[in-house]
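Protein chains in written order, with the working numbering: chain H, 483 to 701; chain R, 483 to 701.
Backbone N, C-alpha and C define an ideal beta-carbon position, used for all residues, glycine too.
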DNA sequence: ATTTGTGAAGTGTTTCACAGCA
DNA sequence: TGCTGTGAAACACTTCACAAAT
């Protein structure tokens, strides 16, 4: 039924920007859900996210037909569909490498748990911190990484170490068998094709903001 | 001279993705500079950033003609040009609102200072932390925001408060007169057109990574 | 009347391919 | 030869606009 080319989900290659917006739709939908809203139109969703209504319909259309003409989208149904698509309806185990300032903040970040990520272990090279429990998570020596990843079925690794150490930590996570890496070190990392990576450079974010301001004022 | 359409910089509207890559070019170039490299080709730069050589040349071409045929780009010259373009050759003052886990990490983040950002003040609603000095930065009550922004010529505000408080903090920063806002709260913020904004949702980053992994494994 | 879902059109970005220079 | 700078072509993404559904 319908003109889906295959039984399983997203064969017709979906624009990457659309994929990235999916999380933002879910974030907005969950807020509507908390506020007791039952339906929402593409126009309203678009306004909340600074997108056009057509964009919202196209994006959601890549993943299924969730709306009702004349009515809009059911908030509850859309929340469920997006959670299923994004996998946040099931818990994934995550480990952290680097228990410095950023690492510590991430260990206590409520948003991770809310989205189905469970931080099951932290790692650091500093002997003075190994063995401690930070925000309820035990800090292991780096040598334990393979064992913990195996025993706890860790799917994702978060890198929060200084730039010079980042690539070797990345390699260690890949060898240990994680499927994805979230990198906060200010360094481009090389990973094999079967591992996905997402990098966030905090200072670059500020720099890009400053440049946007400059363009807005001069340009 | 040359075919620049005007005396001042970037009139011919530059693709936003190109603008965002500029910081990444600078990060890479600075590493080459540290390693003593004197020249680099578009191909080499591209490989380091997972871009094509043509992309690198196009991007840099939007801002000037920095290369030499047959040779490549002078690392030192390109570093200087990029720093000038991005404004990291001059210091900008920044303030932080929200001294929780993430806020604390940002106050001690070396990357900001290195890129010419100077954190001159922090703000929080919690009376127990106001008046303290965290990583060398004084924590003020929210009421002092307008005065500090004015007296210290603060250009950028960083938001690291819980989502429900984010919009009102954002409004306060705009009223105080900042030009740009970097938002870490998991919430879409509305700003007037003369203010630029850049948002980073840490949990969304992990969620997007998880989705990429899923697409790579199924799709 | 309102709103979805979606081909077609329009816009934006990347890649190609090559002239020109070192 | 090796490499840049850049129009032209290719590709990707967004917006338009309207038939179909309620």
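Pairwise C-alpha distance: residue j and residue i
i, j, result
"residue 484 of chain R", "residue 501 of chain R", "With a pLDDT of only 34 at residue 484 of chain R, under 50, the local geometry of the prediction cannot be trusted, and no value is derived from it."
"residue 506 of chain R", "residue 505 of chain H", "25 angstroms"
"residue 578 of chain H", "residue 620 of chain H", "10 angstroms"
"residue 682 of chain R", "residue 551 of chain R", "39 angstroms"
"residue 580 of chain H", "residue 679 of chain R", "29 angstroms"
"residue 574 of chain R", "residue 637 of chain R", "7 angstroms"
"residue 697 of chain R", "residue 531 of chain H", "24 angstroms"
"residue 583 of chain H", "residue 540 of chain R", "38 angstroms"
"residue 700 of chain R", "residue 676 of chain H", "12 angstroms"
"residue 557 of chain H", "residue 586 of chain R", "36 angstroms"
"residue 529 of chain R", "residue 549 of chain R", "17 angstroms"
"residue 519 of chain R", "residue 533 of chain R", "20 angstroms"
"residue 661 of chain R", "residue 635 of chain R", "11 angstroms"
"residue 516 of chain H", "residue 536 of chain R", "48 angstroms"
"residue 553 of chain H", "residue 629 of chain R", "49 angstroms"
"residue 693 of chain R", "residue 544 of chain H", "14 angstroms"
Nearest residue (CA-CA) to residue i, options the options
i, options, result
"residue 597 of chain R", "R/631, R/576, R/519, R/680", "R/576"
"residue 589 of chain H", "H/557, H/639, H/631", "H/639"
"residue 563 of chain R", "R/512, R/693, R/637", "R/512"
"residue 658 of chain R", "R/631, R/573, R/525", "R/631"
"residue 643 of chain R", "R/629, R/671, R/516, R/661", "R/671"
"residue 617 of chain R", "R/516, R/592, R/694", "R/592"
"residue 689 of chain H", "R/503, R/495, R/497, R/496", "R/503"
"residue 647 of chain H", "H/570, H/629, H/608", "H/608"
"residue 704 of chain H", "H/555, H/603, H/622", "A query on residue 704 of chain H cannot be resolved here, the shown segment of chain H reaching from 483 to 701 and no further."
First through last residue of the beta strand (DSSP E) which encompasses residue i
i, result
"residue 637 of chain H", "636–641"
"residue 605 of chain H", "599–606"
"residue 511 of chain H", "Looking at the DSSP string, residue 511 of chain H is not in any beta strand (DSSP E); the run it does join, the alpha helix (DSSP H), is 498–516."
"residue 574 of chain R", "574–579"
"residue 682 of chain H", "Segment: none, residue 682 of chain H is in no beta strand (DSSP E) and carries neither H nor E."
"residue 711 of chain R", "Outside the displayed range of chain R (483 to 701) lies residue 711 of chain R, so it cannot be described from this structure."
"residue 623 of chain H", "619–623"
"residue 556 of chain R", "554–556"
Contact list for residue i against chain H, beta-carbon separation under 7 angstroms
i, result
"residue 563 of chain R", "The contacting residues do not exist; residue 563 of chain R stays about 13 angstroms from chain H at best."
"residue 689 of chain R", "505, 568, 570, 597"
"residue 695 of chain R", "661, 662, 678"
"residue 698 of chain R", "678"
Expected contact under 8 angstroms - CB spacing of residue i and residue j to nearest Å
i, j, result
"residue 605 of chain H", "residue 627 of chain H", "6 angstroms"
"residue 655 of chain H", "residue 691 of chain R", "Not really, about 13 angstroms apart at Cβ, beyond 8 angstroms."
"residue 601 of chain R", "residue 508 of chain R", "That belief does not hold up - the Cβ atoms of residue 601 of chain R and residue 508 of chain R are roughly 21 angstroms apart, past 8 angstroms."
"residue 625 of chain R", "residue 641 of chain R", "With a Cβ gap of about 17 angstroms, residue 625 of chain R and residue 641 of chain R do not count as contacting."
Contact set between residue i and chain H, taken where Cβ atoms lie within less than 8 angstroms
i, result
"residue 575 of chain R", "Within 8 angstroms Cβ-Cβ: nothing; residue 575 of chain R doesn't reach chain H, min ~12 angstroms."
9 angstroms Cβ cut-off: residues of chain H touching residue i
i, result
"residue 692 of chain R", "568, 569, 570, 574, 597, 598, 599, 637, 638, 661, 662, 678"
Interface partners of residue i on chain R, CB under 7 angstroms
i, result
"residue 584 of chain H", "587"
"residue 648 of chain H", "Chain R residues near residue 648 of chain H: none, gap ~12 angstroms exceeds 7 angstroms."
Contact set between residue i and chain R, taken where Cβ atoms lie within less than 8 angstroms
i, result
"residue 685 of chain H", "591, 593, 594, 596, 597, 599"
"residue 624 of chain H", "Those do not exist, as residue 624 of chain H stays about 21 angstroms from chain R at its closest Cβ, beyond 8 angstroms."
Residue i: contacting residues in chain R (beta-carbon distance under 9 angstroms)
i, result
"residue 670 of chain H", "506, 509, 510, 530, 531, 532"
"residue 501 of chain H", "690, 693, 694, 697"
"residue 682 of chain H", "682, 684, 687"
Endpoints, alpha helix (DSSP H) assigned at residue i
i, result
"residue 662 of chain H", "No alpha helix (DSSP H) contains residue 662 of chain H, which is instead part of the beta strand (DSSP E) from 662–665."
"residue 539 of chain R", "535–543"
"residue 669 of chain H", "First-last for residue 669 of chain H: undefined, no H or E at that position."
"residue 593 of chain R", "592–596"
"residue 651 of chain R", "645–658"
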